[in-house]
Amino acid sequence: MSSTELPISGTPLTLETETVTELTPRQLLIRRIKGHKGLIIGFTVIIGLIIVGIFAPMFAPHDPYEQILSKRLIPPVWSPGGTTEYLLGTDHLGRDYLSRLIYGTRISLMIGYGAATVGLFIGVSMGICAGYFGGRVDQLISYILTCQLSLPGLLLTMTLVFFIGPSVYVVIGVIGVLHWTYYLVVSRSAAMQIRQMDYIAAAKSIGCSKFHIIRKEILPNLMSQIIVIFTLEVGFAILAESALSFLGIGIQAPTPSWGLMIAEGKVAMFFQPWLVIIPGAALFVLVLATNLMGDGIRDVTAPENRN
Amino acid sequence: MTLLSIKDLSVDLKLANGTLHAVRDVSFDLDKGETIGIVGESGSGKSLTSMALMRLLPNTATTTASAIMFDNEEIQDMNQRRFLSEVCGIKMSMIFQEPMTSLNPVYSIGRQMTETVLLRKQFSRPDATDLAVNLLEKVGIANAASRLSQYPHQLSGGQRQRVMIAMALMTQPKLIIADEPTTALDVTVQAQILQLLVHLGKELGMGMILITHDLGVISRMVDKVGVMYAGQLVETGTTEQVFNRPLHPYTKGLLQCIPDLEQDSEKPRLGTIPGIVPNLMGKQSGCSFANRCEYTKELCTLSVPPEVKTADGRTHRCLRSDEIATHISESKDTTTTIHTAEAVEQGAVVLDVEKVSRTFYVKKSIFSEKQPLVAVNDVSLKLHHSEVLALVGESGCGKTTLSKMMLGLDLVKEGRIEINSSPIEDIDIRERALLIQPIFQDPYSSLNPRRTIGETIRQPLQFHKVGDKQSQTRTVEKTMELVGLPHRFYHVYPNQLSGGQRQRVAIARALILRPQIILCDEPTSALDVSVQAQILNLLQDLRDELGLTFFIITHDLGVVNHIATRIAVMYLGQIVETGTRRQIIHESKHPYTQALMQSVLSLEPGGGIPTIDLGGGFPNPLDLPTGCLFHPRCLKAIDICKRERPELKETNGRETRCLLYQQQKQ
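Chains as they are written, first to last, in the numbering used here: chain A, 1 to 307; chain B, 1 to 666.
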């Protein structure tokens, strides 16, 4: 980031007399964001996907639920037999694939980000408690972690969804409740290290309460790691949803979701591979953009990158 | 006979934003059996110089030199395979700074020691084992043969460093490079290790390069000195020449920064070197010291000073040395002095530590019973208003545990700690913050990396809701001024500051609530000498200006002598001696204090390393000796010391815990 180099570390040979233009932290932050290509690309793509999701009825050329069995399995426009009416072709029930993809953005974004956020709250709060308090609390939480790790995740998800009844919110909740182990492990070990730092002792001698220390001293130092895991978990959550949908207990057909589209496409994968490739590519773009955005946020906020 | 001859060695490091010229045109010669000391502050390139010799630099670094002659051979162009099999680790060995991490924890001592010679087939296995035992005995490790099967974690820090030295000697090298070999060790151990190194060097006729920031060590044990600044050797010469008649202003500045044990009653301010080390990026246009030098003229910024050889075989890089040399040598002792009277009348007691003990219980394994570890043992101390009480002792003596209890970070389970006559547990934690504030040892871990300097200093005000936002900002700015931090650091993050600047931030944070007492835990031990001098001066000024009371924990008696009014010496959780500064430094009674005093390596060119009257190593605190806790290490111990545990007895305002002294009195 040579273009956003800070003036204060310039040429210390004349440091004491040098007049420097004061920039407020906000201005500096904007500069760093502008200098970070990955962040801008990732952010734009995510915003684009959100807009597409919200305004899906305006973007979609057809009704995603309308089945025209006479127009089944039309290939996309670029392969022989494709028509401009169905840009991405149709699926095995003759529904417009582009419209389903556009509507599916809603569900996939909601599940990806929603489940990853649910997991974040569970994992990070437990991880910080275990790392900061140690002793009995740590033993208890580590025990819960071991239990969670030894349970067959998919089976548990299936059981839970089966009993509560399948809906988007249930799927988000169940996937989130079962995907917090990474958050916990990472934030626990980081909190353990930070606990021993002198600035924690300094905060204690100012009179700060435990809650204040956790919130103001420890949590900001975990942001880098949390963001990285969050971006990974978004991908995992969407894939978990597609696995559930494939087994028939996730998002219920005919609701369009990318995971379900991949699952349904698997049947005809060898003859009409685009049925899997198109939603797969969309998923890839979403996860990639999330990663770019996450790394970017980490880079522009982490103090160690400010020289 | 010349063993090593370096001509114009330069090291460049390629970084993202340019090339860093870390070492620039360094030249020196070293004879067989001679020791050269390289001193300099952190970042001056002294370690890179030695690593360039051993080819241990990272891949991003490029080394250039007109000549590196080692043992009559040019080693610069030697191919890597031959260099590794003949020079590196064979003829040239290195001893590293950190004994705790430089031994591999999963291999036994014996395996690590013999590995090199067996690999190179210098010796057969039985011969190599014999040699290892021999060398371990030579470096003063008892039961050497049985140690070979031990693992690093079974040895103490001092013992590990001895093993490292023995390991470096296995291949019978001609040159030893010791990079800060004693920095990580206690003072009492430091002297022993240094003595060993000097002795071995002379006995085996090895050349030695000793790299350190400790001028006291250098002045006492090396033949030649090179002073490094900003990647250049600014001055070389014999120890006597450099320390008694420095030619370069930087050397003079460094010498004035050192707190001295000799000075008495009057406390001169330490000399300081203003400004900071220049950025080593880009091309050098003038003398690198010009912006910090008191003798700078325009000339100095115009051309790079070449290395000049003087008639008596010294070299220096100063353009104006002819004009200023006499001045530098003469003005050595004319630092401005501030007269601080020895605290004759004592103020009211602000902090009262009364019979405090702290015991931890440790389990060796899951099945063994809990064993008590007495970290603090019946300690009583009184801290009077506006005095500076220093607590001195080796690591592991319980200093830090005591300080934690004083800050209220640890519960007082036995005994009492009172601040202004109210027990510390009864004081609300918010009020306590207004009474006592800490400054910690490591400025790198005492600031939250996610907060700007302004936010860090403001935090106490915010938390205690002192004033509105604007008045807070004003107070922060005032405090920053007080500790000498420029305004532009307000929005800067800690990682952009140097160690000394960070320590100033920590001081500002401790001061902003205007507490009565400041508790400093080794406030300068992580800093360079010139920065240490600045911080010590600052603490002294703050005490005079604000009437603060200081409690300082340290192991550095030079620092103690400079700043303390009263001193307490701690050994294995007990206070063994207290008294005024003069009483402890100049008339110490307890044998342990005397040993500590001996271990201080003050500047004394050619003074050698003194023998310390201290037997054995630091005892296991889980297995306390009977009688006087100090008797196993005490050379003056008599029969009664093994049986009776001495009490702390007061005479003339000083306290001593020693049967010997108490018997003499009777």
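Quick reminder that beta carbons are idealized off the backbone N, C-alpha and C, glycines included.
Because the structure is a prediction, the values reported are computed rather than measured.
Distance, residue j Cα to residue i Cα
{"i": "L6/A", "j": "M192/A", "result": "Its pLDDT being 34, under 50, L6/A is placed unreliably in this model, and the coordinates cannot settle the point."}
{"i": "G114/A", "j": "R451/B", "result": "30 Å"}
{"i": "M197/A", "j": "H631/B", "result": "36 Å"}
{"i": "K210/A", "j": "V11/B", "result": "48 Å"}
{"i": "V505/B", "j": "T479/B", "result": "9 Å"}
{"i": "H213/B", "j": "I176/B", "result": "18 Å"}
{"i": "A302/A", "j": "S285/B", "result": "35 Å"}
{"i": "D352/B", "j": "T188/B", "result": "30 Å"}
{"i": "V227/B", "j": "K382/B", "result": "43 Å"}
{"i": "L204/B", "j": "E298/B", "result": "50 Å"}
{"i": "I47/A", "j": "T524/B", "result": "51 Å"}
{"i": "G318/B", "j": "G275/B", "result": "Note that residue 318/B is Cys in the sequence shown here, rather than Gly. If you take the alpha carbons of C318/B and G275/B, they lie about 18 Å apart."}
{"i": "E382/A", "j": "Y182/A", "result": "Only positions 1 to 307 of chain A appear in this structure, which leaves residue 382/A out of reach."}
{"i": "S50/B", "j": "R654/B", "result": "48 Å"}
{"i": "V266/A", "j": "P279/A", "result": "For the sequence presented, residue 266/A should be read as Lys rather than Val. Approximately 11 Å, taken between the alpha carbons."}
{"i": "P273/A", "j": "H92/A", "result": "12 Å"}
{"i": "G134/A", "j": "E522/B", "result": "28 Å"}
{"i": "S386/B", "j": "L149/A", "result": "58 Å"}
{"i": "N652/B", "j": "I584/B", "result": "13 Å"}
{"i": "E115/B", "j": "R220/B", "result": "34 Å"}
{"i": "Q97/B", "j": "G110/B", "result": "21 Å"}
Cβ neighbour criterion (16 or more within 10 Å) applied to residue i
{"i": "T334/B", "result": "For T334/B, the pLDDT reaches just 41, beneath the cut-off of 50, and the residue's location in the model is therefore unreliable, leaving the point undetermined."}
{"i": "Q574/B", "result": "buried"}
{"i": "K204/A", "result": "buried"}
{"i": "W78/A", "result": "exposed"}
{"i": "L659/B", "result": "buried"}
{"i": "V85/A", "result": "The identity of residue 85/A in the sequence shown is Glu, whereas the question assumes Val. E85/A should be labelled exposed."}
{"i": "L48/B", "result": "buried"}
{"i": "P173/B", "result": "buried"}
{"i": "G705/B", "result": "Not covered by the structure: residue 705/B. The range shown for chain B is 1 to 666."}
{"i": "N79/B", "result": "exposed"}
{"i": "R474/B", "result": "exposed"}
Residue i - DSSP class collapsed to helix/strand/coil
{"i": "S257/A", "result": "coil"}
{"i": "E233/A", "result": "helix"}
{"i": "M1/B", "result": "coil"}
{"i": "V308/A", "result": "The requested residue 308/A does not occur in the structure, where chain A is confined to residues 1 to 307."}
{"i": "C520/B", "result": "strand"}
{"i": "M281/B", "result": "strand"}
{"i": "L149/A", "result": "helix"}
{"i": "P273/A", "result": "coil"}
{"i": "T35/B", "result": "strand"}
{"i": "Q225/A", "result": "helix"}
{"i": "F360/B", "result": "strand"}
{"i": "S10/B", "result": "strand"}
{"i": "R162/B", "result": "helix"}
{"i": "S108/A", "result": "helix"}
Listed by chain order, chain B residues near residue i by CB distance under 9 Å
{"i": "N221/A", "result": "N448, P449, R450"}
{"i": "I314/A", "result": "There is no way to answer for residue 314/A, as the model of chain A reaches only from 1 to 307."}
{"i": "P152/A", "result": "Result: empty, since nearest Cβ-Cβ is about 32 Å, beyond 9 Å."}
Contact test: residue i Cβ vs the ligand SAH heavy atom, cutoff 8 Å
{"i": "R458/B", "result": "This structure lacks the ligand SAH; in fact it carries no ligand of any kind."}
Listed by chain order, chain A residues near residue i by CB distance under 9 Å
{"i": "D410/B", "result": "Near D410/B there are no residues of chain A at all, since even the closest Cβ is about 10 Å away, more than 9 Å."}
{"i": "L407/B", "result": "A201, K204, S205"}
{"i": "P438/B", "result": "D198, A201, A202, S205"}
Partner residues on chain B for residue i, Cβ-Cβ distance less than 8 Å
{"i": "D138/A", "result": "The contacting residues do not exist; D138/A stays about 17 Å from chain B at best."}
{"i": "D299/A", "result": "The premise fails here: D299/A is roughly 14 Å from chain B at the closest Cβ pair, so nothing lies under 8 Å."}
{"i": "T24/A", "result": "H491"}
{"i": "E217/A", "result": "N448"}
Residues that residue i contacts on chain A, provided the C-beta gap is smaller than 7 Å
{"i": "P460/B", "result": "I206"}
{"i": "D442/B", "result": "D198"}
{"i": "S525/B", "result": "Near S525/B there are no residues of chain A at all, since even the closest Cβ is about 13 Å away, more than 7 Å."}
Chain-ordered chain A contacts of residue i [CB-CB under 8 Å]
{"i": "A348/B", "result": "None at all; the shortest Cβ gap to chain A is about 23 Å."}
task = At 3 residues or longer, and completely inside the segment 63 to 113 of chain B: list those beta strand (DSSP E) runs for me, N to C.
result = 67 to 70, 92 to 95
key: In chain order, each beta strand (DSSP E) run of at least 3 residues that lies wholly inside the segment 176 to 248 of chain B   = 207 to 212, 224 to 229, 232 to 238
Secondary structure, beta strand (DSSP E): runs of 3+ residues fully inside the segment 517 to 600 of chain B = 517 to 521, 549 to 554, 566 to 571, 574 to 580
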